[in-house]
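Chemist:
2 protein chains.
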Amino acid sequence: MTTSEPTLSPADVRALCRSGQLVGQTAGMARGHVQANLMMVPREHAFDFLLFCQRNPKPCPLVEVLEAGVVEPRCAPGADLRTDLPGYRVYEYGKLVAEVADIRDYWREDMVSFLLGCSFSFEQALMAGGIALRHVSQGRNVAMYKTTIPCAEAGVFRSNMVVSMRPIKSADVAAAVSISGRYPGVHGAPVHIGHPEAIGIADLGKPDFGDPVDLLDDELPVFWACGVTPQYAAELSEIAFCICHAPGKMLVTDFTID
Amino acid sequence: MTTSEPTLSPADVRALCRSGQLVGQTAGMARGHVQANLMMVPREHAFDFLLFCQRNPKPCPLVEVLEAGVVEPRCAPGADLRTDLPGYRVYEYGKLVAEVADIRDYWREDMVSFLLGCSFSFEQALMAGGIALRHVSQGRNVAMYKTTIPCAEAGVFRSNMVVSMRPIKSADVAAAVSISGRYPGVHGAPVHIGHPEAIGIADLGKPDFGDPVDLLDDELPVFWACGVTPQYAAELSEIAFCICHAPGKMLVTDFTID
Numbered sequence: 013m014t015t016s017e018p019t020l021s022p023a024d025v026r027a028l029c030r031s032g033q034l035v036g037q038t039a040g041m042a043r044g045h046v047q048a049n050l051m052m053v054p055r056e057h058a059f060d061f062l063l064f065c066q067r068n069p070k071p072c073p074l075v076e077v078l079e080a081g082v083v084e085p086r087c088a089p090g091a092d093l094r095t096d097l098p099g100y101r102v103y104e105y106g107k108l109v110a111e112v113a114d115i116r117d118y119w120r121e122d123m124v125s126f127l128l129g130c131s132f133s134f135e136q137a138l139m140a141g142g143i144a145l146r147h148v149s150q151g152r153n154v155a156m157y158k159t160t161i162p163c164a165e166a167g168v169f170r171s172n173m174v175v176s177m178r179p180i181k182s183a184d185v186a187a188a189v190s191i192s193g194r195y196p197g198v199h200g201a202p203v204h205i206g207h208p209e210a211i212g213i214a215d216l217g218k219p220d221f222g223d224p225v226d227l228l229d230d231e232l233p234v235f236w237a238c239g240v241t242p243q244y245a246a247e248l249s250e251i252a253f254c255i256c257h258a259p260g261k262m263l264v265t266d267f268t269i270d
Numbered sequence: 013m014t015t016s017e018p019t020l021s022p023a024d025v026r027a028l029c030r031s032g033q034l035v036g037q038t039a040g041m042a043r044g045h046v047q048a049n050l051m052m053v054p055r056e057h058a059f060d061f062l063l064f065c066q067r068n069p070k071p072c073p074l075v076e077v078l079e080a081g082v083v084e085p086r087c088a089p090g091a092d093l094r095t096d097l098p099g100y101r102v103y104e105y106g107k108l109v110a111e112v113a114d115i116r117d118y119w120r121e122d123m124v125s126f127l128l129g130c131s132f133s134f135e136q137a138l139m140a141g142g143i144a145l146r147h148v149s150q151g152r153n154v155a156m157y158k159t160t161i162p163c164a165e166a167g168v169f170r171s172n173m174v175v176s177m178r179p180i181k182s183a184d185v186a187a188a189v190s191i192s193g194r195y196p197g198v199h200g201a202p203v204h205i206g207h208p209e210a211i212g213i214a215d216l217g218k219p220d221f222g223d224p225v226d227l228l229d230d231e232l233p234v235f236w237a238c239g240v241t242p243q244y245a246a247e248l249s250e251i252a253f254c255i256c257h258a259p260g261k262m263l264v265t266d267f268t269i270d
């Protein structure tokens, strides 16, 4: 994908985070580059968490996994995962205990970092394919819901799938499936189309995460597996300690979308 | 894929292994079903090994990973991985210490089992596509070679890639690439075609594993990533203990090739 306007490079975005100048969302930044969800867990839980991702590739598409104590990923040479995202959330025993812009004070050498594909990537492909995305045009976060779709369990990690919902014109649904299906590394094709109650969503107006969005008469609600799932699984597991990115505040990698 | 002759079911094959009646290779058995390489490592090395597979999907395509101590895989309900393969190899500190038909005497509750895709599956697809495979028609094991192609390292595991070589008529090479490329879960498209010396193979007549095979004037040597790679990496790592299947003696799963 290309863009006609000048844009910050991924390294530029990361440097702005590191210096504390960028603390907001990364949506639309360094267009054409893969953005990634971050999850850090202690080494004792790393095998179980990697297995959870391997068994649930649609909600948990792995971009990269780092050895314990390593903070410079291959997908972002020169980066430091402790400072180069705009914001982080710190959990203890499943409870949010801090939201910070820098985690050097929380860092432990036994932490293992997981980077997971983020839907910002396939949204660019959908828009390039002429499919309007209302939450983007309205500058809102996408609507996300807990469902009754079970994930495969792995050790201490078990949860149902979290999905994101985008209203798509009926005439565009097939194209939206085809286009997103070309990106298995960022959730791929939808997991459900059209009947929220069939996957345990009682009220589209009340998302569990993100912002609600209007659904018009000529549109269907289309549901994709969501990268919040692994965070939700970590929360439910009530492991003693973990750190993840704050919503919408992703790692911008050097990888290009293709 | 279908076959016109009656064939043992995967459960039949596993039962014959368990009772000690089948101790030979599984090539061609329970046709149409996925066969898998087995690797068992102690829990302390399981994260590193899973990471090695995740970083090197062509030689190490994961079919399934089991939690520590679990011996019944989802891909073979009712099976016991300690008895249901025809043969096993036991390694200590990188040295082969036993080759046995049953590993119950060696089993430890901290062992984690990895099942990896095996080329028997795409060979069936190649043959169904009209591509002759000389080692199959000659009843030999495929020729395998250590190369200079580096794998991505993960923790204690590092090695170069092991490849299998099949002589393919020049006119069929493109078809062989297309057909095998449809099976990313069992090594996918070739990693190299035509120049063995470019990947560090000095003499095609002297494979590092398996049997040599003739290369005719109208053929090219075609190289695929090989499932022996993870065993080779485990051997090189000199970890204190690991168990794998004996060459050609696979787990026959209930999964179908498609």
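Protein sequences, first through last, are from chains H and C.
Letter 135 of the first sequence, counting from 1, is numbered 147 in the numbering used here, and no numbers are missing.
Letter 34 of the second sequence, counting from 1, is numbered 46 in the numbering used here, and no numbers are missing.
Positions of the beta carbon are idealized from the N, C-alpha and C atoms, including for glycine.
Applying the criterion that 16 or more other CB atoms from any shown protein chain within 10 Å of the CB defines a buried residue, is H/A252 buried or exposed?
Modeler: Here residue 252 of chain H corresponds to residue number 240 of the first sequence, with the count starting at 1. Looking at its Cβ environment, which holds fewer than 16 other Cβ atoms inside 10 Å, H/A252 is exposed.
Chemist: Do you know how far the Cα of H/G32 is from the Cα of C/P174?
Modeler: Here residue 174 of chain C refers to the residue found at position 162 of the second sequence. Here residue 32 of chain H refers to the residue found at position 20 of the first sequence. First, the amino acid is wrong: residue 174 of chain C is Val here, not Pro. Rounded to the nearest angstrom, the two C-alpha atoms are 47 Å apart.
Chemist: Determine the chain H residues that contact C/A58 at a beta-carbon separation under 7 Å, and present them in chain order.
Modeler: Counted from its first residue, the second sequence places residue 58 of chain C at position 46. Those within 7 Å of C/A58 in chain H are F59.
Chemist: Residues of the region 72-83 of chain C with a CB closer than 7 Å to any CB of chain H: list them in chain order, please.
Modeler: Answer set for the region 72-83 of chain C: L74, V77 and E79.
Chemist: Can you tell me the Cα-Cα spacing of H/I213 and H/I143, whole angstroms?
Modeler: Within the first sequence, numbered from 1, the residue matching residue 213 of chain H stands at position 201. Within the first sequence, numbered from 1, the residue matching residue 143 of chain H stands at position 131. Cα to Cα, the separation comes out at about 24 Å.
Chemist: So with CB distances below 8 Å, who are the chain C contacts of H/L128?
Modeler: Looking up residue 128 of chain H in the first sequence gives position 116. Per Cβ cutoff of 8 Å: no residues; H/L128 is ~12 Å from chain C at best.
Chemist: How would you label H/S16, buried or exposed, when you count the other beta carbons within 10 angstroms and need 16 or more for buried?
Modeler: Indexing the first sequence from 1 puts residue 16 of chain H at position 4. With a pLDDT of 46 at H/S16, under the threshold of 50, the modelled position of that residue is not reliable, and no figure is offered here.
Chemist: With 7 Å set as the bound, which would you pick, yes or no: does the beta-carbon of H/L62 sit closer than that to a beta-carbon of chain C?
Modeler: To locate residue 62 of chain H, count along the first sequence from 1; it is residue 50. Closer than 7 Å to some Cβ of chain C, the Cβ of H/L62 qualifies, so yes.
Chemist: Which residue or residues does DSSP assign as beta-bridge partners of C/G129?
Modeler: Residue mapping note: residue 129 of chain C aligns to position 117 of the second sequence, counting from 1. DSSP, once it has assigned bridges, lists C/A48 as partnering C/G129.
Chemist: Residues of chain C with CB closer than 7 Å to the CB of H/G167, please, in chain order.
Modeler: Indexing the first sequence from 1 puts residue 167 of chain H at position 155. Within chain C, the residues near H/G167 are E79.
Chemist: Quick one: which chain H residues come within Cβ less than 8 Å of C/Q66?
Modeler: Locating residue 66 of chain C in the second sequence gives position 54, counting from the first residue. The answer, in chain order, is L62, Q66, L74 and V77.
Chemist: Where H/G90 and C/V264 are concerned, what is the direct C-alpha to C-alpha distance, given to the nearest angstrom?
Modeler: Taking the first residue of the first sequence as 1, we reach residue 90 of chain H at position 78. Taking the first residue of the second sequence as 1, we reach residue 264 of chain C at position 252. Spanning the two alpha carbons is a distance of roughly 45 Å.
Chemist: Give the straight-line distance between the Cα atoms of C/P202 and C/Q243, rounded to the nearest whole angstrom.
Modeler: On the second sequence, residue 202 of chain C is found 190 positions in, with the first residue counted as 1. On the second sequence, residue 243 of chain C is found 231 positions in, with the first residue counted as 1. Spanning the two alpha carbons is a distance of roughly 20 Å.
Chemist: Counting beta carbon pairs with one atom in the region 60-73 of chain C and one in the region 232-249 of chain C, are three or more of them shorter than 8 Å?
Modeler: yes
Chemist: Just verifying my parser: in three-state terms, what is the DSSP assignment at H/H147?
Modeler: The residue you call residue 147 of chain H lines up with position 135 of the first sequence. Three-state DSSP puts H/H147 in a helix.
Chemist: Using DSSP bridges, identify the partner residues of C/C254.
Modeler: As a working note, residue 254 of chain C is residue 242 in the second sequence. The partner list for C/C254 (beta bridge, DSSP) reads C/Y103.
Chemist: For H/P219, which of H/V240, H/E84 and H/K158 has the nearest alpha-carbon?
Modeler: Here residue 219 of chain H refers to the residue found at position 207 when the first sequence is read from its first residue. Residue H/K158 is the option with its Cα nearest to H/P219.
Chemist: Express the C-alpha separation of C/V185 and H/L128 in angstroms, rounding to a whole number.
Modeler: The sequence position of residue 128 of chain H within the first sequence is 116, counting from 1. The sequence position of residue 185 of chain C within the second sequence is 173, counting from 1. Rounded to whole angstroms, the gap between the alpha carbons of H/L128 and C/V185 is 36 Å.
Chemist: Between the C-alpha atoms of C/A183 and C/A23, what's the straight-line distance to the nearest angstrom?
Modeler: Looking up residue 183 of chain C in the second sequence gives position 171. Looking up residue 23 of chain C in the second sequence gives position 11. Cα to Cα, C/A183 sits roughly 39 Å from C/A23.
Chemist: Kindly list the residues whose CB is nearer than 8 Å to the CB of C/L227, restricted to its own chain and excluding five residues on each side of it in sequence; keep chain order.
Modeler: Start at 1 with the first residue of the second sequence, and residue 227 of chain C comes out as number 215. P179, L216 and P233, listed in sequence order.
Chemist: Would DSSP call C/D60 helix, strand or coil?
Modeler: By 1-based counting over the second sequence, the position of residue 60 of chain C is 48. DSSP places C/D60 in helix when its eight states are reduced to three.
Chemist: Put C/E231 into one of helix, strand or coil per three-state DSSP.
Modeler: Numbered from its first residue, the second sequence carries residue 231 of chain C at position 219. Strand, per DSSP.
Chemist: I believe H/A110 touches H/V102 by the beta-carbon criterion, under 8 Å. Please report the beta-carbon distance rounded to the nearest angstrom.
Modeler: Here residue 110 of chain H corresponds to residue number 98 of the first sequence, with the count starting at 1. Here residue 102 of chain H corresponds to residue number 90 of the first sequence, with the count starting at 1. Right, the Cβ-Cβ distance comes to about 4 Å (below 8 Å), so this counts as a contact.
Chemist: Using a Cβ-Cβ cutoff of less than 7 Å, which residues in the same chain neighbour C/E104 once the five nearest sequence positions on both sides are dropped?
Modeler: To locate residue 104 of chain C, count along the second sequence from 1; it is residue 92. Within the same chain, C/E104 has close Cβ partners A252 and F253.
Chemist: Taking the Cβ atom as the reference point for each residue, do H/D60 and H/V168 lie within a distance shorter than 7 Å?
Modeler: Counting from 1 along the first sequence, the entry for residue 60 of chain H is found at position 48. Counting from 1 along the first sequence, the entry for residue 168 of chain H is found at position 156. Yes, Cβ-Cβ distance for H/D60 and H/V168 is below 7 Å.
Chemist: Keeping to the same chain, check which residues put their C-beta closer than 8 Å to that of H/A137; ignore five residues upstream and five downstream.
Modeler: Sequence index remark: in the first sequence, residue 137 of chain H carries index 125 (1-based). M13, I191, S192, R194, Y195 and I269.
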